[in-house]
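These notes concern the structure reproduced below.
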Amino acid sequence: MNLMWCYIPWKIHDMAKKNLLKIISLILLVYMLIVVLSLYKYKQNKLYLEANNLYTKNAIKTRGNYSKVLNEMSTNSKVFKELSKEGRIRAFEFKGNRSDFPVYSGRNFKKDERKALVGSSVPLVELHGVRYFSYNEKLYEVVGYLGSSKNSILSEEVIIKDTALFSKDKNENIIIDSPDSASVSDPKYKIINNLGRRSNIDYITPLITYMVMLSIGFISFIIGVLSWLYSKTYTEVMFLKGKAPKKIWIALLFKVILVFIATNVFCIALSRLFVKFSIELYLLLPSMFIIIIGLVTTSHLLKRGIK
């Protein structure tokens with residue numbers, strides 16, 4: 001009989017351990033789905049920019065002062081100025097830490113630097129192993145090559161990041177590309193042309209987003225069920241060992257939150273090391289919410305006492 005009582009807690013403890021491993025595996029699966037969705041959206045955004053001459057659907061051509069415009073706009077706002085008749089060479093400034101142009105080699109612009117991004121067919125000057133683009137007798141170091149590949153439709157484009165190419169005080173023809181572009185209704189900003197356009201109607205991205213979010217919701221529900229089962233079996237083991245309900249609840253809360261935080265910190269650390277695009281981590285919130293529901297349910301059972 002004593003052997004049986006020793007066996008039961010061990011068996012229940014083993015079940016709890018298996019449920020915990022399943023929870024960790026499913027949280028990792030949710031994270032992988034988030035990475036896949038974020039990567040897909042990242043690629044789609046780059047293809048859209050490439051197809052639309054590096055403008056988003058928010059781009060408008062107007063008259064204004066670039067500095068004042070950026071001060072009024074939110075982060076991720078861009079201002080362009082055409083420097084050639086064909087618009088192949090453009091001055092550029094942005095609000096943020098890094099630009100987001102599609103580049104197949106090199107890197108994007110950083111804040112507070114005077115560099116150039118060019119297409120693969122643009123003539124360059126090479127000095128001491130460093131390539132430069134020459135404009136108005138000034139050399140701009142090339143830090144990246146525009147497009148998704150060498151034979152991109154952006155092969156003849158040049159983007160120069162240099163505030164000196166904009167007028168400091170006077171209004172001039174500029175292109176504003178910002179989430180706030182729609183709010184540029186002030187009379188001082190006369191919209192000359194709306195450059196934002198869609199190359200085609202995208203039905204696939206919303207469908208993929210919906211399917212992934214539905215999958216995350218379903219997996220989150222399973223995580224919640226497993227969290228409840230883990231909490232219940234862990235509680236039963238602790239009851240059999242004579243632990244007080246309050247101590248069981250505190251230990252259980254600590255364990256589940258520690259597992260969730262540790263798993264997510266591990267995932268985020270990996271993303272910072274190996275993933276070079278923004279990940280929509282807010283999609284992990286359903287899993288956390290349902291885990292909390294599981295803990296609250298277990299807390300209710302603790303108050304009633306488990307039979």
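According to this note's numbering, the residues represented by the sequence shown are 1 to 307, in order.
Glycine included, C-beta positions come from ideal geometry on N, C-alpha and C.
Quick check on the burial criterion: 16 or more other C-beta atoms within 10 angstroms. Buried or exposed for residue i?
i, result
"ASP169", "exposed"
"MET73", "buried"
"ARG98", "exposed"
"ASP100", "buried"
"ILE191", "Legend: pLDDT at ILE191 = 44, less than 50; position of this residue unreliable, value from coordinates given subsequently. With fewer than 16 other Cβ atoms within 10 Å, it is exposed."
"LYS161", "buried"
"GLY224", "buried"
"GLY242", "exposed"
"LEU258", "exposed"
"VAL265", "exposed"
"GLU236", "buried"
"LEU127", "exposed"
"TYR210", "exposed"
"LYS188", "A caution first: LYS188 carries a pLDDT of 49, below 50, which makes its placement in the model unreliable, though a value can still be read off. Under this definition LYS188 is an exposed residue."
"SER167", "exposed"
"ILE248", "buried"
"SER220", "buried"
"SER199", "Residue placement at SER199 is flagged as unreliable, the pLDDT there being 49, under the threshold of 50; a coordinate-derived value is accordingly withheld."
"TYR203", "exposed"
Could you tell me which of the options sits nearest to residue i, measuring between CA atoms?
i, options, result
"PHE218", "ASN136, LEU20 and VAL30", "VAL30"
"SER121", "LYS115, GLU93, GLU157 and SER105", "GLU157"
"LYS363", "VAL130, TYR230, ASN108 and VAL237", "The first residue shown for the chain is 1 and the last is 307, placing residue 363 beyond what the model contains."
"PHE133", "LYS255, SER148 and ALA116", "ALA116"
"ILE34", "SER215, LYS150 and SER84", "SER215"
"ILE159", "LYS95, GLU126 and ARG90", "ARG90"
"LYS61", "GLY106, TYR203, LYS81 and ASN76", "LYS81"
"LYS18", "LEU258, TYR104 and TYR234", "TYR234"
"LEU252", "TYR135, VAL265, MET238 and THR263", "MET238"
"SER149", "LEU49, LEU20 and VAL103", "VAL103"
"GLY87", "ASP112, LEU240, ASN53 and TYR230", "ASN53"
"GLU137", "GLY147, LEU124 and THR56", "LEU124"
"ILE208", "ASN151, GLN44 and LYS78", "GLN44"
"PRO245", "SER167, LYS85 and SER231", "SER231"
"ILE153", "TYR48, MET32, LEU28 and ILE261", "TYR48"
"MET32", "VAL212, ARG114, ILE250 and ASP112", "VAL212"
"LYS255", "SER220, TRP228 and ARG131", "TRP228"
Determine, using beta carbons only, whether residue i and residue j come nearer to each other than 8 Å.
i, j, result
"ASN58", "PRO179", "yes"
"THR205", "ILE24", "no"
What is the C-beta distance between residue i and residue j, in whole angstroms, given that I count them as a contact (C-beta under 8 Å)?
i, j, result
"SER155", "GLY119", "4 Å"
"THR163", "GLU93", "6 Å"
"ASN76", "GLY96", "5 Å"
"ILE222", "LEU26", "6 Å"
"LEU226", "LYS78", "Their Cβ separation, rounded to whole angstroms, is 45 Å, which puts LEU226 and LYS78 out of contact at 8 Å."
"LEU146", "LEU83", "Actually they are not in contact, since the Cβ atoms of LEU146 and LEU83 sit about 16 Å apart, beyond 8 Å."
message = Could you check whether the region 166-179 touches the region 65-77, counting it as contact only if at least three pairs of C-beta atoms, one from each stretch, sit closer than 8 Å?
response = yes
request  = Could you tell me whether the region 129-141 touches the region 33-43, using the rule of 3 or more Cβ pairs below 8 Å?
outcome  = no
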